[in-house]
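**Student:**
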Amino acid sequence: MIAFIVISHISLYVGIMFLILCVATGLYYLAELAEENSVMTRKVISYMIYLVVMVHLILWIFDELYFWCISIGILSHIAYYQLLSSFPFVRVKSASCILSIVGFIVSHVGWYYYFIDFNTPIYEFSELLGFFFICVWFTPLALFVSLSIGDMQLPGLGMEGSDRGNKDILKKKNNVVQWIMSQLNRFRRSSSSDTMLPHHSNY
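Residue 113 in UniProt numbering sits at position 113 of the sequence shown, with consecutive numbering throughout.
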């Protein structure tokens, strides 16, 4: 019985590692795809925002979900839509980016406490997971994958507002997902090179 439990736990952890690897590979592929089709990506994300806002309204009208959580979700997606004005270039310190991050956190926490409330009808875990994926995580994940795409574009391309007047040459920068992958790869190479260096002892 002990051997069965040990093998089951090892298999579970190996499966989780493979799942994480598959998710990372999928995100990297989506980042490459978004980088090659920045205009189409912007249109797809805008349609996604319209769709999610409609889902919020449908849930409020037909299922009478909590009005304040619905309102926060809609306002969060309005903030996400503002990020598309300078897409694919997003400034972390801009008001729209800060509002988007705050809106995502508040929306996630609000819905979490709504569903664990005793007065709320009990839903299956799969139903809650599907709801959170569509209404809370879907658009932020799409924006996260497609940030900073269009590496070699000129300063005015794809930018609006004050960014059009910026004459500074944009430096080449990777997609967020690609940057994370490159940093992990660099850390792995540096760690392996450190272990291969000979250690000299002092006499």
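Every residue gets a Cβ at the ideal spot worked out from N, C-alpha and C, and that includes glycine.
No experiment lies behind these values; they were computed from the predicted model shown.
1. Short check: CB of E35 to CB of S126, under 9 angstroms?
2. Give the range of the alpha helix (DSSP H) segment to which E32 is assigned.
3. Leaving aside the five residues before and after F115 along the sequence, list all residues of the same chain whose C-beta is less than 8 angstroms from its C-beta, in chain order.
4. Express the C-alpha separation of W68 and Y47 in angstroms, rounding to a whole number.
5. Grab the span of the alpha helix (DSSP H) containing C69 for me, first residue to last.
6. Between the alpha carbons of G26 and S86, how many angstroms are there, rounded?
7. Restricting to runs no shorter than 4 residues, where is the alpha helix (DSSP H) found entirely within the stretch 87-159?
8. Inspect the beta-carbon positions of Y80 and G110 and report whether they are closer than 9 angstroms.
9. Pull up the distance between the alpha-carbon of Y113 and that of I134, whole angstroms please.
10. Would you report the Cα separation of L57 and G130, rounded to the nearest angstrom?
11. Taking 9 angstroms as the threshold (C-beta atoms), are S107 and I72 in contact?
12. Does the distance from the C-beta atom of V53 to that of I74 stay below 9 angstroms?
13. In or out: S8 buried (at least 16 other Cβ within 10 Å) or exposed?
**Tutor:** Walking through what the data contain:
1. no
2. 2-36
3. Y123, L128
4. 24 angstroms
5. 67-83
6. 25 angstroms
7. 95-116, 125-132, 138-146
8. no
9. 18 angstroms
10. 17 angstroms
11. yes
12. yes
13. exposed
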